[in-house]
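*Asks:*
Numbering (the numbering used here), first residue to last: 158 to 397.
#1: How would you label residue 311, buried or exposed, when you count the other beta carbons within 10 angstroms and need 16 or more for buried?
#2: Report the option in 224, 233, 198, 225 whose CA atom is closest to the CA atom of residue 214.
#3: Quick one: grab the DSSP three-state call for residue 165.
#4: Just checking residue 209 against the ligand SAM - is the residue's beta carbon closer than 6 Å to any of the ligand's heavy atoms?
#5: Restricting to Cα atoms, I'd like to know which of 393, 163, 384 is closest to residue 316.
#6: Can you tell me whether residue 307 is buried or exposed, with buried defined as 16 or more other CB within 10 angstroms of its CB?
#7: Whether or not the stretch 375 to 388 and the stretch 177 to 190 are in contact is what I'm after, with contact meaning three or more pairs of Cβ atoms, one per stretch, closer than 8 Å; do they touch?
#8: For residue 209, does the three-state DSSP call read helix, strand or coil?
#9: Distance check for residue 269 and residue 227, CA to CA, integer angstroms please.
#10: Might you give, ordered along the chain, the residues of its own chain that have their beta carbon closer than 6 Å to the beta carbon of residue 351, omitting 5 neighbours on each side?
#11: Going along the chain, which residues of its own chain have a beta-carbon closer than 7 Å to the beta-carbon of residue 375, five neighbours each way excluded?
#12: Following the continuous alpha helix (DSSP H) through residue 332, name the residue where it begins and the one where it ends.
#13: Which residues mark the beginning and the end of the alpha helix (DSSP H) in which residue 249 is found?
#14: Can you tell me which of 169, 256, 238, 264 puts its alpha carbon nearest to the alpha carbon of residue 197?
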């Protein structure tokens, strides 16, 4: 789950880099077409710019225009290849204006909207980063506390089983049930934290997979190590 989420976040980061380059594409095409330069010439000129992450999509868009493919299909293919809802929404308005509208004015409005949206999203990412830096250590600490409790009762259960031969009314605590309860609690807490982070970030469902995997990996490792260490330590004391 952690690996799948990490791969998903890598792909999402590529989309975000495309979104960072898109305003330069929009500005270049709009400024050229606003002075009555043909769209195909504007697309040809922008091939020389250093736009790394949307370069392949731009080349295919230009090739489709050279082959005189239906322009709506060509632009739709461009949007699908970039795979960004933000770019798709802005580009649909841009394309409509590109052929029928006040291009210079609309392009300026779109660029301002795009910049505002990206700025708000970056601030949201800062809040998410702060939340992650709080929740992950806190989750690991909770897992450690539960592991100490579970290890204590496991050692206590073993000790009570040993002396039950002499004191018949002693009943060992239900260690298996407690172990299940603590693990269930950690899983539920990991789901809750991951959904909270996803709700704040709001970009991709890969976020949920990644953070569920992160929480369960950190919490599981902490729980296993501390539980075993606590059990071994208390068991060694009981045998003295």
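We put the CB at the ideal spot given by N, CA and C, even for glycine. Just so it is clear, the structure is predicted and the values come from calculations on it, not from any experiment.
*Replies:* Quick look at the numbers:
#1: buried
#2: 233
#3: helix
#4: Looking for the ligand SAM in the displayed structure turns up nothing, as the structure carries no ligands at all.
#5: 393
#6: buried
#7: no
#8: coil
#9: 29 Å
#10: 365, 368, 369
#11: 293, 296, 297
#12: 332 to 358
#13: 242 to 256
#14: 256
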